[in-house]
Amino acid sequence: MFEKSAELFARAQQSIPGGVNSPVRAFKSVGGTPLFIEKAKGAYLFDADGNKYIDYIASWGPMILGHAHEPVVKAIQERAPYSTSYGAPTKLEIEIAELIVSMVPNVDLIRMVSSGTEACMSAIRLARGYTGKNKIVKFEGHYHGHADSFLVKAGSGVATLNIQTVPGVTAGVSNDTLTCAYNDLDAVKELAHKHKGEIAAIITEPVAGNMGCILPKPGFLEGLRKLCYDENIVFILDEVMTGFRLAPGGAQEKLNIRADLVTYGKVIGGGMPVGAFGGRKEIMQHIAPLGNVYQAGTLSGNPIAMIAGYTTLKILKENPSIYKELDEKTMYLKQGLEKFFNESKIPYVINQLGSMISVHFSDHPIVDFASAASANNDLFKKFFHSMLNQGIYLPPSAFESWFLNNALTKKDIDYTIEAAAESLENINQ
Ligand code: KE4
Numbered sequence: 018m019f020e021k022s023a024e025l026f027a028r029a030q031q032s033i034p035g036g037v038n039s040p041v042r043a044f045k046s047v048g049g050t051p052l053f054i055e056k057a058k059g060a061y062l063f064d065a066d067g068n069k070y071i072d073y074i075a076s077w078g079p080m081i082l083g084h085a086h087e088p089v090v091k092a093i094q095e096r097a098p099y100s101t102s103y104g105a106p107t108k109l110e111i112e113i114a115e116l117i118v119s120m121v122p123n124v125d126l127i128r129m130v131s132s133g134t135e136a137c138m139s140a141i142r143l144a145r146g147y148t149g150k151n152k153i154v155k156f157e158g159h160y161h162g163h164a165d166s167f168l169v170k171a172g173s174g175v176a177t178l179n180i181q182t183v184p185g186v187t188a189g190v191s192n193d194t195l196t197c198a199y200n201d202l203d204a205v206k207e208l209a210h211k212h213k214g215e216i217a218a219i220i221t222e223p224v225a226g227n228m229g230c231i232l233p234k235p236g237f238l239e240g241l242r243k244l245c246y247d248e249n250i251v252f253i254l255d256e257v258m259t260g261f262r263l264a265p266g267g268a269q270e271k272l273n274i275r276a277d278l279v280t281y282g283k284v285i286g287g288g289m290p291v292g293a294f295g296g297r298k299e300i301m302q303h304i305a306p307l308g309n310v311y312q313a314g315t316l317s318g319n320p321i322a323m324i325a326g327y328t329t330l331k332i333l334k335e336n337p338s339i340y341k342e343l344d345e346k347t348m349y350l351k352q353g354l355e356k357f358f359n360e361s362k363i364p365y366v367i368n369q370l371g372s373m374i375s376v377h378f379s380d381h382p383i384v385d386f387a388s389a390a391s392a393n394n395d396l397f398k399k400f401f402h403s404m405l406n407q408g409i410y411l412p413p414s415a416f417e418s419w420f421l422n423n424a425l426t427k428k429d430i431d432y433t434i435e436a437a438a439e440s441l442e443n444i445n446q
C-alpha cells in the first residue's frame, strides 16, 4: 500500500535531513512512513503508490478552495511566460495589497514576505522598534514560525529561567520571550505587571491551531486588547492560519477584535510561498525604507506567488458564500463524528470554529497546551492510521488543527464519518 512512499522516504533521507523539508511532514508523532504525494485535485490527494485520500490538511491551510483550483492554475500558467521574478516592484503587488486592505479591518499598510515565519518575525521586530522595548509575550503551544524568539519553552517560569528549548536559541533571545498559558488572562496581567515598561508586544493566534484547534475563552482576546492599550504594548494577531479562512476579514472580523499588527500566510499565497504583515500606518511607517526597522526579501512580492494569492483572495472576496459552505461542511463533519464518538463511549473533545476543527481523545476540556498534551495521544495515533488506511488524510499529529477545503462534498464527509466510526471500533477493541 505504501511501498513507493517507503522507497522514496529511504532515498530522501540520504540527501534531506529526516527526509523532509518541514518536520511535521515526517509522521514522527504518529509513526509510520510519510506519504509522498504525486498530485492532487480538488479535495483529493494521490500518493506515489496511487492511493487516493480525502485531504483534511489542505497544505496546512492554504488550499481552502481545493487543490489545483482552475482559475488559480490558469493565472499561474498565464503569468509564468513573463518571467518568474524581477526583484523590482510590480502592479501585481499593489493589486494584492489593495485587495487585502479592502478585506481586513485595521490594516492601512501591508508588507509582503515569503512565509508566515518571516511575517511574524518582522512584526515583532517592528513592535520592538516602534516601542523601544525588548520583551514579547507568546502563549504556550502557540506557533509563530521558527524564528528564534518564538522557539522558547512554554511556561513563564521556564522562559524566565532562560532554559533554551531549541539548541541554538541563545539566552539573550529566550530572556526576551515571556510565555504563559493560553486563555489565562490573569497570568498575562501578572507578567505585564512584573515586566512593566519592558514588553513591546503580545502575539497570539486568535484561534489556536498549533496544539489542535483551541478557541479563545470569552473575554480573553478582549482582555489582551485592553491590556495592550493600557500598557502601550503592540497587540499582534498571528492570523497565518485564521486569516481569510474564518472570514474574509479573518479572526478580526469573525471575533470582532482589532489588532495593532496582524500577520498572514497560507491562504494569502494560494499555495505559493507568501506571508505578510500589516497594520496601522502609525506603526507600519517605521518599516524601511520609510523608517529604520529593516526588513527585506529577494522574493517578497514574487509575481507568480502574487497572482496565485490575488486570484485566491479575489475568489474568496467575490464569493462570501464559500465561508458559509465551509462552516456548514465542518459542522456536518463535527456532528457526524460526535454521533459515533458518543456511541463508542471513548472520551473525546472536538473543538471547532469555522473550518478549523480538531479531535482530542480526552475526558477533559482542551483549553490550553497542558490540557492538549494530557489527552490520550496514543489513541490519536491509532485513529490517525486507521483513517489513513481508509483513505482519509488527517494532520499527522494531535497538536494540529484539521483544515477543510471547499472542494469537499457531502459524500466525502459522509465517507469520512463512516471511516471514523470504523476507526473507533478498531481502536476500541
Ligand atoms: P510558515 O513559516 O510555516 O509559512 O508559517 C509559520 C506559522 C506562523 N503562524 C501560525 C499560526 C502557523 O500555524 C504557522 C505555520 N503552521 C504550521 C502548521 N501547524 C506549518 C506547517 C509546517 O511547519 O510545515
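Quick note: the sequence shown uses this note's numbering, first residue 18, plus one each step. The beta carbon of each residue, even a glycine, is placed where N, CA and C say it ideally should be.
- Tell me whether Thr328 sits in a helix, a strand or coil according to DSSP, three-state version. Shown here, Thr328 sits in a helix according to DSSP, grouped into three states.
- Based on Cα-Cα distance, which residue from Gly318, Glu248 and Gly229 lies nearest to Ala11? Here the chain comprises residues numbered 18 to 446, so residue 11 is not present and cannot be evaluated.
- Look up Ala176 in the DSSP assignment and say whether it is helix, strand or coil. At Ala176, the pLDDT of 34 sits below 50, so the modelled position is not reliable and the matter cannot be decided from this model.
- Message: Given the structure, does Ser132 come close to the ligand KE4, in the sense that its CB is under 7 Å from one of the ligand's heavy atoms?
- Response: Under cutoff, so the answer is yes.
- Query: If you draw a straight line from the C-alpha of Ala424 to the C-alpha of Gly185, how long is it?
  - Reply: Distance from the CA of Ala424 to the CA of Gly185, rounded to the nearest whole angstrom, comes to 42 Å.
- CB-CB under 8 Å to Gly146, same chain, minus the five flanking residues each way: which ones, in chain order? Contacts found: His303, Gly308, Asn309 and Val310.
- Confirm, please, whether the CB-CB distance from Asn422 to Ala60 is below 8 Å. A contact, by the Cβ cut-off of 8 Å.
- Cβ neighbours of Gly267 in the same chain (closer than 7 Å, five flanking residues each side left out): Contacts found: Val121, Glu256, Thr259, Gly260 and Phe261.
- Task: Give a yes or no on whether the C-beta atoms belonging to Phe6 and Ala140 are separated by under 8 Å.
- Result: Because the chain is modelled from 18 through 446, residue 6 falls outside the range shown and cannot be assessed.
- Own chain residues within Cβ distance below 8 Å of Ile54, not counting five before or after: Exclusion of the five residues before and after Ile54 leaves Leu62, Phe63, Asp64 and Ala65 as the residues of its chain whose Cβ lies within less than 8 Å of its Cβ.
- Message: For the alpha helix (DSSP H) containing His377, name the first residue and the last one.
- Response: No alpha helix (DSSP H) holds His377; the beta strand (DSSP E) holding it covers Met373 to His377.
- Task: Report buried or exposed for Val384, applying the criterion of at least 16 other Cβ atoms within 10 angstroms of its Cβ.
- Result: By the Cβ-count criterion, Val384 is buried, with 16 or more other Cβ atoms from all chains shown falling within 10 Å of its own Cβ.
- Item | Nearest-angstrom Cα separation, counted from Leu168 out to Gly189 | Taken atom to atom, the span from the alpha-carbon of Gly189 to that of Leu168 is near 13 Å.
- Task: Report the rounded CA-to-CA distance for Phe19 versus Pro40, giving the unit in angstroms.
- Result: When rounded, the distance between both Cα atoms is 20 Å.
- Which term fits Ala305, buried or exposed, when burial requires 16 or more other beta carbons within 10 angstroms of its beta carbon? The residue is exposed, with fewer than 16 neighbouring Cβ atoms inside 10 Å.
- Query: What span of residues does the alpha helix (DSSP H) with Gln94 cover, start to end?
  - Reply: Gln94 -> alpha helix (DSSP H) spans Glu87 to Arg96.
- Task: Would you mind sorting His210 into buried or exposed? The rule is 16 or more other CB atoms within 10 Å of its CB.
- Result: His210 should be labelled exposed.
- Measuring CB to CB, does Thr134 end up less than 8 Å from His163? For Thr134 and His163, yes; Cβs fall inside 8 Å.
- Item | Ranges of the alpha helix (DSSP H) found wholly within the region 202-287, counting only runs of at least 4 | If we require 4 residues or more, the alpha helix (DSSP H) runs fully inside the region 202-287 come out as 202-211, 237-248 and 267-271.
- Using the C-alpha atoms, what's the distance from Thr347 back to Ile434? Answer to the nearest angstrom: the Cα atoms are 12 Å apart.
- Query: Quick one: is the Cβ of Cys245 within less than 7 Å of any heavy atom of the ligand KE4?
  - Reply: No, Cβ of Cys245 sits at least 7 Å from all heavy atoms of the ligand KE4.
- Write down every uninterrupted run of the beta strand (DSSP E) in the region 57-127 whose length is 3 residues or greater and which is fully enclosed by it, in chain order. With a minimum length of 3 residues, the continuous beta strand (DSSP E) runs that stay inside the region 57-127 are 61-64 and 69-72.
- Can the beta-carbon of Ser166 be found less than 8 Å from the beta-carbon of Gly314? The answer is no: Cβ separation not under 8 Å.
- Task: Could you work out which residue in Ala27, Gly353, Tyr365 and Ile300 is closest to Ala217 when comparing CA atoms only?
- Result: Check the Cα spacing between Ala217 and each of Ala27, Gly353, Tyr365 and Ile300: the tightest is with Ile300.
- Query: Quick one: what does DSSP say Ile367 is sitting in, helix, strand or coil?
  - Reply: Ile367: strand per DSSP, three-state reduction.
- Message: Can you find the residues in the same chain that come closer than 6 Å, C-beta to C-beta, to Gly36, ignoring five residues on each side of it along the sequence?
- Response: Cβ-Cβ distances below 6 Å link Gly36 to Phe26, Ala29 and Gln30 in the same chain, with the five nearest sequence neighbours on each side left out; the list follows chain order.
- Task: Helix, strand or coil for Met18, going by three-state DSSP, please let me know.
- Result: Three-state DSSP puts Met18 in coil, outside helix and strand.
- Message: Rounded to whole angstroms, what is the Cα-Cα separation between Leu244 and Ile127?
- Response: Separation of Leu244 and Ile127 (C-alpha to C-alpha, rounded to the nearest whole angstrom) is 25 Å.
- Cβ pair count under 8 Å reaching 3, the region 93-110 against the region 352-362: As far as the Cβ criterion goes, the region 93-110 does not touch the region 352-362, which means the pair count is below three.
- Query: Cα-Cα, which of Gly83, Tyr199 and Val284 is closest to Leu241?
  - Reply: Nearest option by C-alpha distance: Tyr199.
- From Lys341 to Val183, what does the alpha carbon distance come to, in whole angstroms? Taking the straight line joining both Cα atoms gives about 41 Å.
- Item | Residue closest to Trp419, alpha-carbon to alpha-carbon, out of Lys69, Met80 and Asn38 | Closest by C-alpha distance to Trp419, out of Lys69, Met80 and Asn38, is Met80.
- Message: Run through the DSSP bridge pairs and tell me what Val130 is partnered with.
- Response: DSSP output for Val130 lists Gly292 as bridge partner(s).
- Query: Excluding the five sequence neighbours on either side, which residues of its own chain have a C-beta within less than 7 Å of the C-beta of Arg297, listed in chain order?
  - Reply: Its chain contains Asn123, Asp125 and Asp277 as the residues whose beta carbon lies nearer than 7 Å to that of Arg297, once the 5 sequence neighbours on both sides are disregarded; these appear in chain order.
- Does the separation of the CB atoms of Val153 and Pro223 fall below 8 Å? Residue identity differs from the one stated: residue 153 is Ile in this sequence, not Val. In this structure, Pro223 does not lie closer than 8 Å to Ile153 by Cβ.
- Query: Helix, strand or coil for Leu316 per DSSP?
  - Reply: Judged by DSSP in its simplified three-state form, Leu316 adopts coil rather than helix or strand.
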